[in-house]
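Engineer: Structure below; questions to follow.
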Ligand code: ASP
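Residue numbers (the working numbering): 3 to 438.
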């Protein structure tokens, strides 16, 4: 029998109307057995996220400021949901304990986790199914790292006794029983762990978008939706800024070969995007296009560089000594480029260039500031002729100068470096070339 683990994000559970949509989705398919809720998110763009308010409560107590006004906003949101859904849960009781604990100096992780905890209690009550406190099944060591072995074994034991259950996302507990949270957006990780522990057939991640788009809709008008994407492609695109999922959510399910389906709670008819290990590579050459601005490229040239032992190591050691990580390092026989984001470079260009000159003695070193990178990603490109030429022709037809080209060794990504000011024009040109 198919088992589906279903995670709902904050906007999917932001108020009673959203809870009703969630119930309909769950009733539509009874294979949706294990449900992971986030804390209530924003109902409209200027609204508060409950998790942010809980962090604020904790900060108030730290600064000896009364938390009553902020906590009232939290309590009202939950009471609004419970009242409108006519729930029997004694919310007042839970809210009082949480408020008192935070006032008495409970940890930041404890405070933040209560958003998911309360939403989980409410959802379990509304659906009339079991509630499993994540602190009993998601385990961390005392340094804050996830203990996946213990987590999987506890989840397996516990879930084998429940037909259906709600397990709140975002937190667990350490060896002392203290609450520990994942980083922000971490309910995705909880869902992935639950899915992997039972080796289920599908992990559904319900949010407020219908999956991934081929390009950023703020740059390309109405880009097409990606129906299927591989984990490898997703990694390349998320690295370049296209993110819907928490990074750590991918690995547990990817390793177990479980597909993730990104779905839209506000448009449940839409099939969303399916993330899989492998797809039919002949169906589509390009899966998506993403990019980032504000990079500096340091281009170094030296005759016979290829035979000089330790040349790149010397360059990289200089970066390391300044705490600068680099993005890419395309190289030729006598040239090497280091691509560094301006945020990482921290205005240290001149110092770094001087040190490279001193320690590597290059024939020339040229700095190209204000660069943007565009990644065109598709696992079919390794088997299809003409993908690179399509990208380069599109950019040249749009009168865009390409400063750098790098095709990752995985052959699912062609990266080009262009001027910052050509960024949006470049993405549109590539998108059009593949969608005509
Ligand atoms: N509520 C947490 C956050 O806002 C975790 C999550 O939503 O996944 O980051």
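Think of the CB as a built atom: it goes at the ideal place given N, C-alpha and C, for glycine as much as any other residue.
Express the C-alpha separation of residue 248 and residue 188 in angstroms, rounding to a whole number.
Structural biologist: Position 186 of the chain shown, counted from the start, is the residue given in the question as residue 188. Position 246 of the chain shown, counted from the start, is the residue given in the question as residue 248. Each residue's Cα considered, the two are about 6 Å apart.
Engineer: Near residue 292, what residues of its chain come up, given a Cβ to Cβ distance below 6 Å and the 5 sequence neighbours on each side ignored?
Structural biologist: The residue labelled residue 292 in the question sits at position 290 within the chain shown. The answer, listed in chain order, is 239, 242, 243, 244 and 377.
Engineer: Using the DSSP secondary-structure output, state which residues sit across from residue 373 in a beta bridge.
Structural biologist: On the chain shown, position 371 is the one that residue 373 refers to. Per DSSP, 297 and 421.
Engineer: Tell me whether residue 305 sits in a helix, a strand or coil according to DSSP, three-state version.
Structural biologist: Stepping through the chain shown from its first residue, residue 305 is reached at position 303. Residue 305: coil per DSSP, three-state reduction.
Engineer: By DSSP's criteria, residue 409 is part of a beta bridge. Which residues make up the other side?
Structural biologist: Locating residue 409 in the chain shown gives position 407, counting from the first residue. Residue 409 pairs with 416.
Engineer: For the ligand ASP, I want to know if residue 174 counts as a neighbour, meaning its beta carbon is within less than 8 Å of at least one of the ligand's heavy atoms.
Structural biologist: Start at 1 with the first residue of the chain shown, and residue 174 comes out as number 172. Not a single heavy atom of the ligand ASP lies less than 8 Å from the C-beta of residue 174.
Engineer: Determine the DSSP secondary structure at residue 166, reduced to helix, strand or coil.
Structural biologist: Along the chain shown, read from residue 1 onward, the residue named residue 166 stands at position 164. In the three-state reduction of the DSSP assignment, residue 166 falls in the coil class.
Engineer: Which residues bound the beta strand (DSSP E) around residue 39?
Structural biologist: Taking the first residue of the chain shown as position 1, residue 39 is located at position 37. 34-39 is the span of the beta strand (DSSP E), which, as asked, contains residue 39.
Engineer: Could you spell out where the alpha helix (DSSP H) holding residue 118 opens and where it closes?
Structural biologist: Residue 118 sits at position 116 when you count from the first residue of the chain shown. 110-129 is the extent of the alpha helix (DSSP H) around residue 118.
Engineer: Thinking C-beta only, is residue 255 closer than 9 Å to residue 167?
Structural biologist: Within the chain shown, the letter at position 165 stands for residue 167. Within the chain shown, the letter at position 253 stands for residue 255. Taking C-beta atoms as the reference points, residue 167 and residue 255 fail to come closer than 9 Å.
Engineer: Does the beta-carbon of residue 249, which I'm using as the reference point, lie nearer than 8 Å to any heavy atom of the ligand ASP?
Structural biologist: Stepping through the chain shown from its first residue, residue 249 is reached at position 247. No; taking the cut-off as 8 Å, the Cβ of residue 249 has no heavy atom of the ligand ASP nearer than that.
Engineer: Could you pull the start and end residues of the beta strand (DSSP E) that residue 173 belongs to?
Structural biologist: As a first step, residue 173 must be located in the chain shown, where it is residue number 171. Run containing residue 173: 173-175, per the beta strand (DSSP E) assignment.
Engineer: If you draw a straight line from the alpha carbon of residue 428 to that of residue 213, how long is it in whole angstroms?
Structural biologist: In the chain shown, residue 428 corresponds to position 426, counting from 1. In the chain shown, residue 213 corresponds to position 211, counting from 1. Answer to the nearest angstrom: the Cα atoms are 23 Å apart.
Engineer: Ordered along the chain, which non-local residues of its own chain (more than five positions away) have a Cβ less than 6 Å from that of residue 413?
Structural biologist: Looking up residue 413 in the chain shown gives position 411. Answer for residue 413: 384, listed in chain order.
Engineer: Find the nearest neighbour of residue 350 within the set 371, 366, 365 and 363, judged by alpha-carbon distance.
Structural biologist: Reading the chain shown from its first residue, position 348 is the one you call residue 350. The alpha carbon of residue 350 has as its nearest neighbour, out of 371, 366, 365 and 363, the alpha carbon of 371.
Engineer: In angstroms with no decimal places, state the Cα-to-Cα distance between residue 345 and residue 100.
Structural biologist: Within the chain shown, numbered from 1, the residue matching residue 345 stands at position 343. Within the chain shown, numbered from 1, the residue matching residue 100 stands at position 98. Distance from the CA atom of residue 345 to the CA atom of residue 100, rounded to whole angstroms, is 39 Å.
Engineer: Over what stretch of residues does the alpha helix (DSSP H) that includes residue 9 continue unbroken?
Structural biologist: As a working mapping, residue 9 is identified with position 7 in the chain shown. Premise fails: residue 9 lies in the beta strand (DSSP E), 6-10, not in any alpha helix (DSSP H).
Engineer: Are at least three pairs of beta-carbons, each pair with one atom in the segment 352-364 and one in the segment 320-332, less than 8 Å apart?
Structural biologist: Here the segment 352-364 lies against the segment 320-332, with 3 or more beta-carbon pairs under 8 Å apart.
Engineer: On the three-pair Cβ rule with 8 Å, is the segment 10-29 touching the segment 201-221?
Structural biologist: Under the three-pair Cβ rule at 8 Å, the segment 10-29 counts as touching the segment 201-221.
Engineer: In or out: residue 47 buried (at least 16 other Cβ within 10 Å) or exposed?
Structural biologist: Reading the chain shown from its first residue, position 45 is the one you call residue 47. So residue 47 counts as exposed.
Engineer: Have a look at 425, 10, 129 and 437 and flag the residue whose alpha-carbon is nearest the alpha-carbon of residue 220.
Structural biologist: As a position in the chain shown, residue 220 is number 218, starting the count at 1. Nearest of 425, 10, 129 and 437 to residue 220, Cα basis: 425.
Engineer: Based on the DSSP secondary-structure assignment, which residues constitute the bridge partners of residue 290?
Structural biologist: Residue 290 sits at position 288 when you count from the first residue of the chain shown. In the DSSP output, where bridge partners are listed per residue, residue 290 has 379.
Engineer: For the beta strand (DSSP E) that residue 249 lies in, which residues bound it at each end?
Structural biologist: As a first step, residue 249 must be located in the chain shown, where it is residue number 247. Where residue 249 is concerned, there is no enclosing beta strand (DSSP E), given that its DSSP letter is neither H nor E.
Engineer: I'd like to know whether the C-beta atoms of residue 72 and residue 93 end up nearer to each other than 9 Å.
Structural biologist: By one-based count along the chain shown, residue 72 stands at place 70. By one-based count along the chain shown, residue 93 stands at place 91. It is not a contact, given that the beta carbons lie outside the stated cut-off.
Engineer: My understanding is that residue 296 touches residue 121, with C-beta atoms under 8 Å, so please give their C-beta distance in whole angstroms.
Structural biologist: Here the question's residue 296 lines up with position 294 in the chain shown. Here the question's residue 121 lines up with position 119 in the chain shown. Actually they do not touch by this definition, with Cβ atoms about 37 Å apart.
Engineer: Does residue 78 come out as helix, strand or coil in the three-state DSSP assignment?
Structural biologist: Walking along the chain shown from the start, residue 78 turns up at place 76. Residue 78: helix per DSSP, three-state reduction.
Engineer: Look at the alpha carbon of residue 299 and the alpha carbon of residue 401, and state the distance between them as a whole number of angstroms.
Structural biologist: On the chain shown, position 297 is the one that residue 299 refers to. On the chain shown, position 399 is the one that residue 401 refers to. Approximately 21 Å between the Cα atoms of the pair.
Engineer: If residue 275 sits next to residue 23, beta carbons under 8 Å apart, how far is it from one beta carbon to the other, in whole angstroms?
Structural biologist: By one-based count along the chain shown, residue 275 stands at place 273. By one-based count along the chain shown, residue 23 stands at place 21. That belief does not hold up - the Cβ atoms of residue 275 and residue 23 are roughly 19 Å apart, past 8 Å.
Engineer: Judging by CA-CA distance, which residue of 161, 263, 116 and 287 is the nearest neighbour of residue 415?
Structural biologist: Locating residue 415 in the chain shown gives position 413, counting from the first residue. Distances from the CA of residue 415 to each of 161, 263, 116 and 287 were compared; the closest alpha carbon is that of 287.
Engineer: What is the rounded straight-line gap between the Cα of residue 158 and the Cα of residue 200?
Structural biologist: For the purposes of this step, residue 158 is taken as the residue at position 156 of the chain shown. For the purposes of this step, residue 200 is taken as the residue at position 198 of the chain shown. Approximately 6 Å between the Cα atoms of the pair.
Engineer: Return yes when at least one heavy atom of the ligand ASP lies under 8 Å from the C-beta of residue 118, else no.
Structural biologist: Start at 1 with the first residue of the chain shown, and residue 118 comes out as number 116. Correct: residue 118 has its Cβ closer than 8 Å to the ligand ASP.
Engineer: Hey, out of 76, 125 and 39, whose CA is closest to residue 87's CA?
Structural biologist: The residue you call residue 87 lines up with position 85 of the chain shown. It is 125.
Engineer: Figure out for me which residue from 278, 149, 5 and 180 has the closest Cα to the Cα of residue 137.
Structural biologist: Taking the first residue of the chain shown as position 1, residue 137 is located at position 135. The shortest C-alpha separation from residue 137 is found at 180.
Engineer: Under the assumption that residue 211 contacts residue 233 (Cβ atoms under 8 Å), give the Cβ distance between them as a whole number of angstroms.
Structural biologist: In the chain shown, counting from the first residue as 1, residue 211 sits at position 209. In the chain shown, counting from the first residue as 1, residue 233 sits at position 231. Not confirmed; about 19 Å, so no contact.
Engineer: Can you tell me which of 262, 202, 250 and 218 puts its alpha carbon nearest to the alpha carbon of residue 230?
Structural biologist: By 1-based counting over the chain shown, the position of residue 230 is 228. Minimum Cα distance to residue 230 is reached at 262.
Engineer: So residue 52 and residue 117 are supposed to be a Cβ contact under 8 Å. How far apart are they, rounded?
Structural biologist: As a working mapping, residue 52 is identified with position 50 in the chain shown. As a working mapping, residue 117 is identified with position 115 in the chain shown. With 8 Å as the limit, residue 52 and residue 117 qualify as a contact, their Cβ atoms being about 4 Å apart.
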